[in-house]
Amino acid sequence: MMFRVALPMLWVALSSSQAMAWEDPIKGEAAVYSSVCYSVQSGDLRGERLIILNSHAQHFAIYQQTGGEFGFPIWGKAEIRGNHFRFIAQNRYGSVLEFEGTITPDYVDGHFANESPGSDNTARWQRVSADSRFTPECPAHKPMEKR
Amino acid sequence: MSWAARFLLGAATLGVPASQAAAWDDPVKAEAAFYSSLCYSAKNGQQGERLTLLNSYTKYEVVYQESTTSMSPSLGIAEIVAGQISFRVQAVAGEILTFKGTITPDYIIGLFAGDSSHNRGRAEIRWPRVSADRSPLAACSTPVEQEKPAGASGLRERH
């Protein structure tokens, strides 16, 4: 009898703690997700960086590409529902960049909409510490990403 | 290879003179830095301003947010030389804001140029450095000037 009561209670407790953990993967002021790496061969920075600013009633995504060095960032409102993540931003040329995917405390994974046919529209950024400044070396085959 | 060696190698490859790269002034020493006066008041909700500096290795981009405009970001480039910071951003209302001040690893102190309403009567603006992991916001301890809408004079109300 005791198990019959205790087990459902344990399940509810675990489920709710997991649900709470998924409510806001950012939790603090901000989170930095990055795929930026440094090419020893060319001296270039490659990859992308995504900073999510928690503004308590709203999240904002600051998105930055590299093309040898960091480009000027663009921003858009971000939606985080559970582990579903989406942001829409406008680049300097006026074209709209729309990203949709999954967010966890450790990574953001998903794809860009409205990419040209044949291009790789997927992206994965690992959570990095905002307080450090370590840029890993690029794998030899990592291509330049252009959006 | 150390980061400094990597950076100098990268800078040289990118065409940045090594002397310029070595002179790169980085009081922040982080991927991103957050300087913020944000606090929480039960009456008025989130109050204050936040300045985010994005370290792009040879420069900083700046994201300025203020509670009076729902934290909508304004982006610009920050110049940091010998402990002095300046940046220009276009505020949400369209006004160009120019800020000049002092930056340390712990705080930014300065003012917006001219008679900017964003100074809100403050003799100086002080944004302490905060951790990205900070949560929740501290309670607003005093009726902060930021609670007044842009354009209101904090000095007048204090007298």
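If you're matching them up, the sequences are chains E and D in order. Going by the numbering used here, the first residue of the first sequence is number 49, and it counts up by one from there. Going by the numbering used here, the first residue of the second sequence is number 1451, and it counts up by one from there. Heads up, the beta-carbon is just placed ideally off N, CA and C, and yes, glycines get one too.
Q | Residue from E:Glu117, E:Tyr86, E:Ser82, E:Ile100 with nearest C-alpha to Asp1583 of chain D | A | Position 133 of the second sequence, counted from the first residue, corresponds to residue 1583 of chain D. Taking only the C-alpha atoms, the option nearest Asp1583 of chain D is E:Ile100.
Q) By how many angstroms is the C-alpha of Glu1511 of chain D removed from the C-alpha of Asn102 of chain E? A) Counting from 1 along the first sequence, the entry for residue 102 of chain E is found at position 54. Counting from 1 along the second sequence, the entry for residue 1511 of chain D is found at position 61. About 18 Å.
Q: Taking His132 of chain E as part of the beta strand (DSSP E), name the residues at either end of that continuous run.
A: Stepping through the first sequence from its first residue, residue 132 of chain E is reached at position 84. For His132 of chain E, the enclosing beta strand (DSSP E) stretches over residues 132–138.
**Q.** According to DSSP, residues forming a beta bridge with Asp157 of chain E
**A.** Position 109 of the first sequence, counted from the first residue, corresponds to residue 157 of chain E. According to DSSP, residue pairing for Asp157 of chain E in a beta bridge involves E:Thr150, E:Arg172.
**Q.** Near-chain D residues of the region 173–185 of chain E (beta-carbon distance less than 9 Å), N- to C-terminal order
**A.** From the region 173–185 of chain E, only Val176, Ser177, Ala178, Asp179, Ser180, Arg181, Phe182, Thr183, Glu185 have a Cβ closer than 9 Å to chain D.
Q. Is the distance from the Cβ of Phe135 of chain E to the Cβ of Ala109 of chain E below 9 Å?
A. In the first sequence, the residue the question calls residue 135 of chain E occupies position 87. In the first sequence, the residue the question calls residue 109 of chain E occupies position 61. Yes, the pair counts as a contact, with Cβ atoms nearer than the cut-off.
Q. Any Cβ of chain E within less than 9 Å of the Cβ of Ile1575 of chain D?
A. Taking the first residue of the second sequence as 1, we reach residue 1575 of chain D at position 125. Chain E contact via Cβ: absent.
Q) Can you give the Cα-Cα distance for Arg1576 of chain D and Gln1534 of chain D, rounded to whole angstroms? A) In the second sequence, residue 1576 of chain D corresponds to position 126, counting from 1. In the second sequence, residue 1534 of chain D corresponds to position 84, counting from 1. Cα to Cα, the separation comes out at about 14 Å.
Q. How is Asn102 of chain E classed by DSSP in three states: helix, strand or coil?
A. Position 54 of the first sequence, counting from 1, holds the residue named residue 102 of chain E. Shown here, Asn102 of chain E sits in a strand according to DSSP, grouped into three states.
Q. When you compare each of D:Ile1527, D:Leu1525, D:Thr1508, D:Ala1541 to Gly116 of chain E by their alpha carbons, which one comes out closest?
A. To locate residue 116 of chain E, count along the first sequence from 1; it is residue 68. Cα-wise, what sits closest to Gly116 of chain E is D:Thr1508.
**Q.** Interface partners of Leu145 of chain E on chain D, CB under 7 Å
**A.** By 1-based counting over the first sequence, the position of residue 145 of chain E is 97. Within chain D, no residue comes near Leu145 of chain E; the closest Cβ sits about 15 Å away, beyond 7 Å.
Q: Measure the C-alpha to C-alpha separation of Ser1520 of chain D and His1568 of chain D and round it to an integer number of angstroms.
A: Position 70 of the second sequence holds residue 1520 of chain D. Position 118 of the second sequence holds residue 1568 of chain D. Straight across, the Cα-Cα distance linking Ser1520 of chain D with His1568 of chain D is about 15 Å.
Q: Identify, in the order they occur along the chain, each residue of the same chain with its Cβ nearer than 8 Å to the Cβ of Thr1611 of chain D, setting aside the five sequence neighbours on each side.
A: Nothing about residue 1611 of chain D can be reported from this structure: the residues present for chain D run from 1451 to 1609 only.
Q.
What would DSSP say about Asn1569 of chain D, mapped onto helix, strand or coil?
A. By 1-based counting over the second sequence, the position of residue 1569 of chain D is 119. Taken through DSSP and simplified to helix, strand or coil, Asn1569 of chain D comes out as helix.
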